[in-house]
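One structure is given here, and the rest of the page talks about it.
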Amino acid sequence: MLNQSIQMKPNVIQNTKENIINMARKLFSERTYLAVSMSDIANKLNITKAALYYHFTGKAEIYKKVLEKVFNELEEEILKATSQVQNPKEKLRQLIIGYLKYGQKDKFLIKSLLLCISKIDLSLKNKVMELRNKLNLSIQQIFKEIFPNKDIKSLVLLFTGMMNGLLLEQSLSDKINLEEAVERVIAVLETESQ
Numbered sequence: 004m005l006n007q008s009i010q011m012k013p014n015v016i017q018n019t020k021e022n023i024i025n026m027a028r029k030l031f032s033e034r035t036y037l038a039v040s041m042s043d044i045a046n047k048l049n050i051t052k053a054a055l056y057y058h059f060t061g062k063a064e065i066y067k068k069v070l071e072k073v074f075n076e077l078e079e080e081i082l083k084a085t086s087q088v089q090n091p092k093e094k095l096r097q098l099i100i101g102y103l104k105y106g107q108k109d110k111f112l113i114k115s116l117l118l119c120i121s122k123i124d125l126s127l128k129n130k131v132m133e134l135r136n137k138l139n140l141s142i143q144q145i146f147k148e149i150f151p152n153k154d155i156k157s158l159v160l161l162f163t164g165m166m167n168g169l170l171l172e173q174s175l176s177d178k179i180n181l182e183e184a185v186e187r188v189i190a191v192l193e194t195e196s197q
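Following the numbering used here, the numbering of the sequence shown begins with 4 at its first residue and continues without gaps.
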């Protein structure tokens with residue numbers, strides 16, 4: 004019986020970490036990173052701050068885990084939306100729709116993409132940049148199929164800038180016509196790629 008409880012402990016720890024990450028994600032999404040404290044997270048989970056610090060060194064570490072989860076989910080959504088599509092224009096359309104729909108679903112993404120982090124916390128800024136770069140590399144692979152023999156890096160930067168702007172606008176007004184936005188992004192990218 005003792006051996007069985009020892010084997011379960013890593014699962015319990017992992018579940019606790021996941022619960023902490025999920026609650027922190029919810030709080031960061033509602034209030035922003037700077038407005039959430041370790042006490043807030045602990046209180047929402049009905050655990051002590053000591054228990055929270057047992058699993059994470061601090062709020063920045065939790066935030067990095069939340070960022071990883073959000074960016075990985077976005078990347079999965081984009082890859083899922085484009086993986087079965089052969090037609091380049093339709094692949095681009097599905098990429099845009101997948102990106103925007105994920106942004107609609109998860110407001111935390113918008114805040115993390117547009118995050119203004121204090122210059123003091125370079126580790127958070129570096130984490131955001133690392134995750135953005137990873138996402139951009141995935142988008143570059145898709146763009147190589149859509150825009151062969153073009154300046155892919157510039158097109159991806161243009162694309163992500165437009166998408167982030169649309170996500171921000173969407174979060175502020177909720178009056179974005181998805182189909183119209185998709186067509187405009189496609190038109191700009193096609194013009195720029197000629």
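Here a beta-carbon is modelled for each residue, glycine too, at the ideal position from N, C-alpha and C.
Task: PRO207, enclosing alpha helix (DSSP H) - first and last residue - done: What is shown of the chain runs 4 to 197, which leaves residue 207 out entirely.
Open item on the list: Just verifying my parser: in three-state terms, what is the DSSP assignment at MET4?
Closed with: Your numbering for residue 4 matches position 1 in the sequence shown. In this prediction, MET4 has a pLDDT of 43, which is less than 50 and means its spatial position is unreliable; nothing more can be read from the coordinates.
- [ ] Would you mind stating whether LEU134 and PHE74 have Cβ atoms separated by less than 8 Å?
- [x] Reading the sequence shown from its first residue, position 131 is the one you call residue 134. Reading the sequence shown from its first residue, position 71 is the one you call residue 74. Closer than 8 Å, so yes.
TODO: Please report how far the alpha carbon of LYS20 lies from the alpha carbon of SER126, in whole angstroms.
DONE: Here the question's residue 20 lines up with position 17 in the sequence shown. Here the question's residue 126 lines up with position 123 in the sequence shown. Approximately 21 Å between the Cα atoms of the pair.
TODO: Compute the Euclidean distance between the alpha carbons of LEU47 and MET26, then round it to the nearest angstrom.
DONE: Numbered from 1 along the sequence shown, position 44 holds the residue referred to as residue 47. Numbered from 1 along the sequence shown, position 23 holds the residue referred to as residue 26. Looking at the sequence provided, one finds Lys at residue 47 rather than Leu. Distance between the alpha carbons of LYS47 and MET26: 7 Å.
TODO: Pick out the complete alpha helix (DSSP H) segments inside the region 117-196, 4 residues or longer, and give them in chain order.
DONE: 125-149, 155-176 and 181-195
TODO: Return yes when the Cβ of GLU80 is within less than 8 Å of the Cβ of TYR105, no when it is not.
DONE: Residue numbering aside, residue 105 sits at position 102 when the sequence shown is read from its first letter. Residue numbering aside, residue 80 sits at position 77 when the sequence shown is read from its first letter. Judged by their CB atoms, TYR105 and GLU80 are nearer to each other than the 8 Å cut-off.
TODO: Can you grab the Cα-Cα spacing for the pair VAL150 / LYS108, in whole Å?
DONE: Taking the first residue of the sequence shown as position 1, residue 150 is located at position 147. Taking the first residue of the sequence shown as position 1, residue 108 is located at position 105. Residue 150 is actually Phe in this sequence, not Val. About 28 Å.
Task: Contact under 8 Å by Cβ, LEU138 with SER196 - done: As a first step, residue 138 is located in the sequence shown; it is residue number 135 there, counting from the start. As a first step, residue 196 is located in the sequence shown; it is residue number 193 there, counting from the start. Going by C-beta atoms, LEU138 is not nearer than 8 Å to SER196.
Open item on the list: Please state whether the Cβ-Cβ distance between LEU103 and GLN173 is less than 8 Å.
Closed with: In the sequence shown, the residue the question calls residue 103 occupies position 100. In the sequence shown, the residue the question calls residue 173 occupies position 170. The answer is yes: Cβ separation under 8 Å.
Open item on the list: Just to confirm, is the Cβ distance from ILE142 to PHE162 under 8 Å?
Closed with: Along the sequence shown, one-based indexing puts residue 142 at 139. Along the sequence shown, one-based indexing puts residue 162 at 159. At a Cβ-Cβ threshold of 8 Å, ILE142 and PHE162 count as neighbours.
Open item on the list: Are the CB atoms of LYS68 and ILE24 within a distance shorter than 8 Å?
Closed with: Within the sequence shown, residue 24 is the residue found at index 21, counting from 1. Within the sequence shown, residue 68 is the residue found at index 65, counting from 1. Here ILE24 is near LYS68, since their CB atoms are less than 8 Å apart.
TODO: Grab me the residues of SER8's own chain with a C-beta within less than 7 Å of its C-beta, minus the 5 sequence neighbours each way, in chain order.
DONE: Residue mapping note: residue 8 aligns to position 5 of the sequence shown, counting from 1. Low local confidence applies: a pLDDT of 42 at SER8 is under 50, so the model's placement there is unreliable, with the coordinate-based value given in what follows. So no residue of the chain qualifies.
Open item on the list: Distance check for GLU148 and GLN89, CA to CA, integer angstroms please.
Closed with: Position 86 of the sequence shown, counted from the first residue, corresponds to residue 89. Position 145 of the sequence shown, counted from the first residue, corresponds to residue 148. Each residue's Cα considered, the two are about 9 Å apart.
Open item on the list: What would DSSP say about THR35, mapped onto helix, strand or coil?
Closed with: Numbered from its first residue, the sequence shown carries residue 35 at position 32. Coil at THR35, not helix or strand.
- [ ] Please classify MET166: is it buried, with 16 or more other beta-carbons within 10 angstroms of its beta-carbon, or exposed?
- [x] For the purposes of this step, residue 166 is taken as residue 163 along the sequence shown, with counting starting at 1. Flag for MET166 reads buried.
Open item on the list: For LEU30, which residues in the same chain have their Cβ closer than 8 Å to its Cβ, ignoring the five residues on either side in sequence?
Closed with: Indexing the sequence shown from 1 puts residue 30 at position 27. Excluding residues within five positions, the ones whose Cβ falls inside 8 Å are VAL39, ASP43, ILE44 and LYS47.
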